[in-house]
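Chemist: Residue numbers (the numbering used here): 7 to 920. By construction, the Cβ of each residue, glycine as well, lies at the ideal position given by its N, Cα and C atoms.
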Amino acid sequence: MKKLSGGEVRESYLSWFEERGHTRYASDSLVPSNDPTLLFTGAGMNQFKDMFMGKGNLPFSRATTSQKCLRVPDLENVGLTAGHHTFFEMLGNFSFGDYFKEDCIPWVFFWFTEALGIPQERLVVTIFTDDEEAFGIWREKVGLASERIFRFGEKENYWPSSAPSKGPNGPCGPCSEIYFDWNPEEPLPEGKGLESLPEPRFVEIGNCVFTQFDRRDGGVLEPLPQKNIDVGLGLERITAVLNGKRSNFETDLFTSYIDFVSTLVQEKTGRRDFAYGQTTRDDIRLRRISDHIRAASFLIADGVLPSNEGRGYVLRKILRRACRDGYELGLTDPFLHGLAGVVVEVMGAAYPELQRSITQIKNLVHQEERSFRGIYSQGAEKLRTWIQDLDTTGRSSWPLREVEERGDLPVPPGSGEIAFELHDTFGFPVDVSGVMLLDEGYALDEDTFKKSMEAQRKRAREGSEIVGELFVEGFVHKLKEKELPATQFTGYETCSGQGRVLALGDGEEEVERISQGQDGSGPYRLVTDTTPFYAEAGGQVGDRGEVRGPQGRARVLECSKQDGYYFHRIEPIEGSIARDDTVELEVDVESRVATERNHTATHLLHQALKEVLGPQVAQAGSMVSPDRLRFDYTQGERPSAEDLARVEDIVNREILSSVPINALEMPLEEAQKAGFTGLFGEKYGRTVRTLSVGQYSRELCGGTHVRSTGQIGQLRILSDASLASGIRRIEAVTGLAALELGRQDRSTLDLLARDLKAPREELGDRLISLKSQLKQAQKALEQQRMVEAGASLEGLLESVKERGEAKILAASVPGAGNKELLELSDRLRKKHKSFAGILLGEGQGQVALVAVATKDLVGRGIRAGDLVKACAGILGGGGGGRPEMAQGKGKDPSKIPAALSKAWEMLESIGTAS
RNA sequence: GGGGAAUUAGCUCAGCCCGGGAGAGCGCUACAUUCGCAUUGUAGAGGUCAGGGGUUCGAAUCCCCUAUUCUCCA
């Protein structure tokens, strides 16, 4: 057996099949380019789907690839086993109606034995039960002993698994797998009664799929006219075999990452002897980090950005798990971006896209890691105190168990709720909560957690339901039943025109006529055969305007479309409009043009943002109305004020150079080739509408636009805000709205300048100096009050009466407010060991009350709160507080003498009480 | 689109449940210790408790609105 590195195995394979007439083809992106049904590319054959179906147009019938693959369902197992990965490489050779089993089997097998030098005695193969053809080839052409050929059922040896009995319909076929035997000295197992080969002795290193049938209903297998070969081999496993390692993670494909992290742990934690292979727990972490950093780097290289949904969410989750593992190893500073550099070193030669986006990878990883560390330590702290409280309250206390015994760990009440709260509020991953609980010997209440999640989903669903839309659905259905033609849109060329009324709606019902002043549940809707009204789409709001018929007219408030029908929401203003009327439709030109300004400006803004912030900026949504435009884009960090100013400048420069705008319809493929950007493949049909602003911006767009950028006038950015992590929103205005904004700013400034009596340029300085003057004045006032309070203190001391040890006082302090009284009471209390008293401060038609009592006197029945309540009652107010200290307020200063005598009465009761 | 959370000194945060004199640590300034520095000690400066409204005699604290930031669900 040769000793080969992972890279050498990959190269050996690809050139082996190149020599056998295969075209070496680049790996497909991890993000399937033409298949929106898939989250990620998970197998080598995905990019050749069309070829297998006979619909492809690649100029070859044999291909070999090393395909990047990502499998999310395996995420939980990564690190716990020798062979689970999220990201892995799949070597593959494919035949599209070219060669079949008789060539495929020996080529693959002899690659193992000849190119890699794996002895035949270390290999066994499996075939589908009755695939005698395959058996014959293994026996005769390869010369494998029949006890090395195992026959398994459709679950193990059919693709898709169990296809004949369970489906799905479509191309399928038997497969034949090749296994490596780690214990060749032991006797081979008996084939009879065996359902699969025992692990871990046997490891699957190759799977040849023979796509030869088309499954029909009822499990009927029709032979395909074109038979295909789809072979997949896991590079990591084969490398493990050649490296002589039982775990994929111990091969040269992974050691660089493990070494990098181990060294870092040694440096950062001072654990000089730290290394892989010491403790299971740390090994799992090292393996997980190694796997995840590969997945994350490749995902970013393929254009995935961390976000809160879909692919971006998977990326985020993977990065966060890796980050946490590092944290637990003692790496408290971000380190993953450094590790991402290692990925590029190790894999960059085979996958040049890594080298191209190395900066982007490092930046995003770094950013994501930093933001997560903040969240993580916060969440961990919260959970930690929660767990500690569990034990100390004594209400629930469980014995600590070993992590290995997952069996029946105690489930603390409320663990599901706290995990959900942490997850929902701080984005603290629930699996991390689970692991932290596990570390302390508890289990997470997963049912409650899931219930909380479900409740959250329900809330979101209910909240997002739009009220009026149900009607349109039913209405559309009726129009379709009548087979009415779809509305023809003329609004690209014109803003007015004639149309025939096809249908009218009044709330729930379809009606013959809509009249001014009629009672109806509304909203009224009108559908015509032709219309210049733009219907809301692509973020651009629908047009407003007017519709005039022979018997009346109506205002058009908004226009939307569904299944090709344009629905004008109308409000009759005169007479009535009936079905089959021929009507004049007139769009409100002013608001249409204002909208167009904003729409074209949005395209400019998009491009300018890319220019200033980087190519990673992608549109995440937009809203274009006559008043303003909103543009959501992907970007992690807040753009600086300078960046935004530059964006504004760039857009305005394009506006000033008055570039013409061209809208063209062309086939989708042509648009792609010409470099137009947009959401290909989803909403768009075969022909697409392209929009180019000079040479500057090229996008797919169905909206309406000005004819030249000069018509926009100017663009002013109003705000830039964060919508969600990784997504920001810019709001801006153009044209007359921008002018109006400038005017408002000016009038505000004028007002300030007039009022502060300072020229505009000095307003800032003026404000600062005024603020500091104000502060000084306030401080002086306070000091003055304290001085006055000090002066009155002496007078107060003279009024203090004695009742044994206790000193008591009830007095009024003219002009004193709450604060001064507090200060005075405090001093009085400090001066006398045992003191109770109340002070009334008169000022501004109000009376402030503060009472204090030292602890010993509280014990003797004097409560500050009672004093205040009694006096404030007399004074027409209220108050309260603690026994030692209380305050309140009264409204009638003339009652002060009465309040004081009541207070004395209460205070003097001390003497009688003792 | 629908929820949740956070916003308190230059920084990191406590205080909020249960309303009653705005706190801690770090940093800053001064002084002392020292030949000097590190250090240590002492003292001090620094806050419209995000903003607005409400409840209350009294709000950082309870309620409502707004803004900003984070986060989950769709």
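1) On the DSSP bridge list, what partners appear for residue 852?
2) Could you tell me which residues DSSP pairs with residue 859 in its beta bridges?
3) Pick helix, strand or coil for residue 286, following the three-state DSSP scheme.
4) Does the Cβ of residue 608 have 16 or more other Cβ atoms within 10 Å, making it buried, or fewer, making it exposed?
5) Which same chain residues end up closer than 8 Å to residue 271 when comparing Cβ atoms and leaving out the 5 residues on each side of it in sequence?
6) For residue 65, which of 301, 54, 75, 807 has the nearest alpha-carbon?
7) Alpha carbon to alpha carbon, what distance is there between residue 503 and residue 545?
8) Might you give, ordered along the chain, the residues of its own chain that have their beta carbon closer than 7 Å to the beta carbon of residue 657, omitting 5 neighbours on each side?
9) Assuming residue 214 is part of the alpha helix (DSSP H), what are its boundary residues?
10) Is residue 743 helix, strand or coil when you go by DSSP?
11) In the region 638-709, which residue ranges form an unbroken alpha helix (DSSP H) of at least 4 residues, counting only runs that do not cross its ends?
12) Considering only DSSP beta bridges, list what residue 589 is partnered with.
13) Short of 6 Å in beta carbon distance, which residues of its chain neighbour residue 190, apart from the five on each side in sequence? Order them along the chain.
14) Assign residue 493 to one of three DSSP states: helix, strand, or coil.
15) Considering only residues of the region 119-192, which uninterrupted alpha helix (DSSP H) runs meet the minimum length of 4 residues and lie entirely inside it, listed in chain order?
16) If you draw a straight line from the C-alpha of residue 493 to the C-alpha of residue 588, how long is it?
17) Taking 7 Å as the cut-off, is the C-beta of residue 697 nearer than that to any heavy atom in the ligand FAD?
18) Take the Cβ of residue 540 as the centre, count every other Cβ of all protein chains shown within 10 Å, and call the residue buried at 16 or more, exposed below.
19) Check this for me: beta carbons of residue 560 and residue 579, under 8 Å apart or not?
20) Let me know the secondary structure DSSP gives residue 84 once reduced to three states.
21) Could you tell me if residue 619 is buried or exposed, where buried requires 16 or more neighbouring beta carbons within 10 angstroms of its beta carbon?
22) By Cβ distance, which residues of its chain are closer than 7 Å to residue 816, with the 5 residues on each side in sequence left out?
23) Determine the extent of the beta strand (DSSP E) in which residue 236 is found, giving its start and end residues.
24) May I have the straight-line CA-CA distance separating residue 24 from residue 31, to the nearest angstrom?
25) Got a sec, what are the start and stop residues for the beta strand (DSSP E) residue 718 sits in?
26) Residues in its own chain within less than 7 Å of residue 352 by CB, not counting five upstream and five downstream?
27) Would you mind stating whether residue 499 and residue 509 have Cβ atoms separated by less than 8 Å?
28) What's the C-alpha gap between residue 748 and residue 898?
29) What does residue 75 pair with, by DSSP beta-bridge criteria?
30) Report the option in 655, 596, 640 whose CA atom is closest to the CA atom of residue 631.
31) Within 10 angstroms of its Cβ, does residue 741 collect 16 or more other Cβ (buried), or is it exposed?
32) Determine whether the beta carbon atoms of residue 76 and residue 301 lie at a separation below 8 Å.
33) Assuming residue 715 and residue 664 make a contact with CB atoms under 8 Å, what is their CB distance in whole Å?
34) Residue 735 bridges to which residues according to DSSP?
35) Pick out whichever of 17, 820, 724, 160 has its Cα sitting closest to the Cα of residue 356.
36) Which of the three DSSP states is assigned to residue 566 in this structure?
Modeler: Concretely, from the data shown:
1) Looking up residue 852 in the first sequence gives position 846. Partner(s): 849.
2) Taking the first sequence and counting its residues from 1, the one referred to as residue 859 is at position 853. Answer is 842.
3) Looking up residue 286 in the first sequence gives position 280. Looking at residue 286 - three-state DSSP - the assignment turns out to be helix.
4) One-based indexing of the first sequence puts residue 608 at position 602. Buried, because 16 or more other Cβ atoms sit within 10 Å of the Cβ of residue 608.
5) Here residue 271 is taken as the residue at index 265 of the first sequence, counted from 1. Same-chain partners within the cutoff: 277, 280, 335, 336, 337.
6) Working through the first sequence from its first residue, we reach residue 65 at position 59. The residue with the shortest Cα to Cα distance from residue 65 is 54.
7) In the first sequence, counting from the first residue as 1, residue 545 sits at position 539. In the first sequence, counting from the first residue as 1, residue 503 sits at position 497. Their backbone Cα atoms lie some 24 Å apart in a straight line.
8) Against the first sequence, residue 657 aligns to sequence position 651. These residues qualify, in order along the chain: 607, 610, 611, 614, 721.
9) Translated into the one-based positions of the first sequence, residue 214 becomes position 208. Careful: residue 214 lies outside any alpha helix (DSSP H), inside the beta strand (DSSP E) at 208-222.
10) For the purposes of this step, residue 743 is taken as the residue at position 737 of the first sequence. In the structure shown, residue 743 falls within a helical segment according to DSSP collapsed to helix, strand and coil.
11) Counting only runs of 4 or more, we get 647-662, 674-679.
12) Walking along the first sequence from the start, residue 589 turns up at place 583. Looking at the DSSP assignment, residue 589 forms a beta bridge with 505.
13) Counting from one through the first sequence, the residue named residue 190 turns up at place 184. Result list for residue 190: 127, 128, in chain order.
14) Mapped onto the first sequence, residue 493 falls at position 487. It is coil, neither helix nor strand.
15) Within the region 119-192, the complete alpha helix (DSSP H) runs of at least 4 residues fall at 138-142, 160-163, 169-172.
16) Against the first sequence, residue 493 aligns to sequence position 487. Against the first sequence, residue 588 aligns to sequence position 582. Each residue's Cα considered, the two are about 14 Å apart.
17) Among the ligands in the structure shown, none appear at all, so the ligand FAD cannot be discussed.
18) Within the first sequence, numbered from 1, the residue matching residue 540 stands at position 534. Residue 540 should be labelled buried.
19) Sequence index remark: in the first sequence, residue 560 carries index 554 (1-based). Sequence index remark: in the first sequence, residue 579 carries index 573 (1-based). When the beta-carbon positions are compared, residue 560 and residue 579 come within less than 8 Å of each other.
20) Within the first sequence, the letter at position 78 stands for residue 84. Annotated three-state conformation of residue 84 is coil, per DSSP.
21) Counting from one through the first sequence, the residue named residue 619 turns up at place 613. Buried.
22) As a working mapping, residue 816 is identified with position 810 in the first sequence. By the criterion of a C-beta distance shorter than 7 Å, residue 816 is surrounded in its chain by 843, 844, 906, 909, 910, 913, once the five residues flanking it on both sides are discounted.
23) What you label residue 236 is simply residue 230 of the first sequence in a count that begins at 1. Residues 226-240.
24) The count along the first sequence starts at 1 and reaches residue 24 at position 18. The count along the first sequence starts at 1 and reaches residue 31 at position 25. Distance between the alpha carbons of residue 24 and residue 31 is about 10 Å.
25) One-based indexing of the first sequence puts residue 718 at position 712. Where residue 718 is concerned, there is no enclosing beta strand (DSSP E), because DSSP gives it neither an H nor an E.
26) Translated into the one-based positions of the first sequence, residue 352 becomes position 346. Contacts found: 262.
27) Counted from its first residue, the first sequence places residue 499 at position 493. Counted from its first residue, the first sequence places residue 509 at position 503. When the beta-carbon positions are compared, residue 499 and residue 509 stay at least 8 Å from each other.
28) Start at 1 with the first residue of the first sequence, and residue 748 comes out as number 742. Start at 1 with the first residue of the first sequence, and residue 898 comes out as number 892. Looking at the two C-alpha atoms, the distance is approximately 53 Å.
29) Counted from its first residue, the first sequence places residue 75 at position 69. BP columns for residue 75 point to 94.
30) What you label residue 631 is simply residue 625 of the first sequence in a count that begins at 1. When the alpha-carbon of residue 631 is set against those of 655, 596, 640, the nearest one is in 596.
31) The count along the first sequence starts at 1 and reaches residue 741 at position 735. Under this definition residue 741 is a buried residue.
32) Taking the first sequence and counting its residues from 1, the one referred to as residue 76 is at position 70. Taking the first sequence and counting its residues from 1, the one referred to as residue 301 is at position 295. Yes, the pair counts as a contact, with Cβ atoms nearer than the cut-off.
33) Within the first sequence, the letter at position 709 stands for residue 715. Within the first sequence, the letter at position 658 stands for residue 664. Taking 8 Å as the upper bound for CB-CB distance, residue 715 and residue 664 are in contact here, some 6 Å apart.
34) Against the first sequence, residue 735 aligns to sequence position 729. Note: residue 735 sits in a beta bridge opposite 638, 727.
35) Numbered from 1 along the first sequence, position 350 holds the residue referred to as residue 356. For residue 356, the closest alpha carbon among the candidates 17, 820, 724, 160 is that of 17.
36) Working through the first sequence from its first residue, we reach residue 566 at position 560. The answer is strand: DSSP assigns residue 566 an E or B state.
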